[in-house]
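Peer 1: In the working numbering, the protein residues as written are 7 to 226.
#1: Could you compute how far the alpha carbon of residue 158 sits from the alpha carbon of residue 146?
#2: Taking all protein chains shown into account, do 16 or more other C-beta atoms lie within 10 angstroms of the C-beta of residue 210, making it buried, or fewer, making it exposed?
#3: Where does residue 130 land, buried or exposed, given buried means 16+ other C-beta within 10 angstroms?
#4: What first and last residue would you give for the alpha helix (DSSP H) that runs through residue 126?
#5: Starting from residue 147, follow the alpha helix (DSSP H) in both directions and report where the run begins and ends.
#6: Which residue spans inside the region 162-215 form an unbroken alpha helix (DSSP H) run of at least 4?
#7: Can you tell me the Cα-Cα spacing of residue 12 and residue 49, whole angstroms?
#8: Is the region 168-180 touching the region 200-217 in the sense that three or more CB pairs, one from each, lie closer than 8 angstroms?
#9: Using 10 angstroms around the beta-carbon of residue 223, count the other beta-carbons present and answer buried if the total reaches 16, otherwise exposed.
#10: Rounded to a whole number of angstroms, what is the C-alpha to C-alpha distance between residue 51 and residue 80?
#11: Which residues in the same chain have their Cβ closer than 6 angstroms to the Cβ of residue 21, if we skip the five residues on either side of it in sequence?
#12: Compute the beta-carbon to beta-carbon distance between residue 160 and residue 119, rounded to the nearest angstrom, for a pair I have assumed lies under 8 angstroms.
#13: Between residue 153 and residue 128, what straight-line distance do the alpha-carbon atoms span, to the nearest angstrom?
#14: On the DSSP bridge list, what partners appear for residue 136?
#15: Please list, in chain order, all residues of the same chain as residue 116 whose beta carbon is under 8 angstroms from its beta carbon, the five residues on each side excluded.
#16: Can you check whether the CB of residue 221 is closer than 8 angstroms to the CB of residue 192?
#17: Secondary structure at residue 65, three-state DSSP: helix, strand or coil?
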């Protein structure tokens with residue numbers, strides 16, 4: 007609906023401007039001369055229509071976004087560290103399917119593991135890992151008792167005999183101090199391979215086919 011209302015808003019603005027410049031443009035489409043528009047009538051009618059579509063456009067954009075934000079649970083000191091970590095994961099991904107979350111209180115570390123997806127290409131695999139790690143880290147490192155986060159994404163790799171074999175595809179690990187040295191918001195839209203490289207291990211079979219120039223951080 008947002009696209010429809012935005013389109014209608016654009017159309018109404020165009021008609022309003024053209025009508026104010028020359029009401030004859032609108033009157034060409036009105037056979038009854040008694041209903042012809044002058045500039046005052048154009049401004050009144052199409053001005054109200056434009057305002058109406060502007061309001062509808064804003065509602066169609068803001069309301070769904072607000073509903074989506076409402077779905078995202080917030081971390082709380084009243085919850086356990088493990089519960090808060092799952093909330094952080096929910097806010098970083100669309101589904102918990104295939105994920106495991108382990109918290110080790112002794113050294114205040116977190117281990118996230120992701121089972122292989124049925125299909126992926128190398129760049130998408132690594133980009134998704136980067137994206138998820140950064141989004142998860144921004145919340146996880148704000149949880150009291152979390153000093154390091156390690157992510158392991160498993161992948162189905164093809165061995166020399168053509169057999170599918172579950173292998174570690176990528177691992178990313180940072181401490182809170184290392185993660186906080188980056189301004190992730192300012193890195194959105196930029197290639198972050200160089201930033202991630204010191205903290206990652208990538209399977210050779212993936213690394214050799216990786217287009218490093220396309221590893222863009224899309225959102226945080």
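Heads up, the beta-carbon is just placed ideally off N, CA and C, and yes, glycines get one too.
Peer 2: Working from what's here:
#1: If you take the alpha carbons of residue 158 and residue 146, they lie about 16 angstroms apart.
#2: By the neighbour-count rule (16 or more Cβ atoms within 10 Å), residue 210 is not buried but exposed.
#3: Per the 10 Å Cβ criterion, exposed.
#4: According to the DSSP assignment, residue 126 belongs to no alpha helix (DSSP H), since it is labelled neither H nor E.
#5: First-last for residue 147: undefined, no H or E at that position.
#6: Counting only runs of 4 or more, we get 182-186, 190-193, 199-202 and 210-213.
#7: When rounded, the distance between both Cα atoms is 20 angstroms.
#8: Segments in contact, yes.
#9: The residue is buried, with at least 16 neighbouring Cβ atoms inside 10 Å.
#10: Distance between the alpha carbons of residue 51 and residue 80: 45 angstroms.
#11: So the qualifying residues of the chain are 52.
#12: Contact flag correct, Cβ pair sits at about 7 angstroms.
#13: Approximately 30 angstroms, taken between the alpha carbons.
#14: For residue 136, which the question treats as bridged, DSSP gives no partner whatsoever.
#15: Only 91, 107, 108, 109, 110, 146, 152, 154, 155 and 156 meet the Cβ criterion.
#16: Taking 8 angstroms as the cut-off, the Cβ atoms of residue 192 and residue 221 do not count as close.
#17: Taken through DSSP and simplified to helix, strand or coil, residue 65 comes out as helix.
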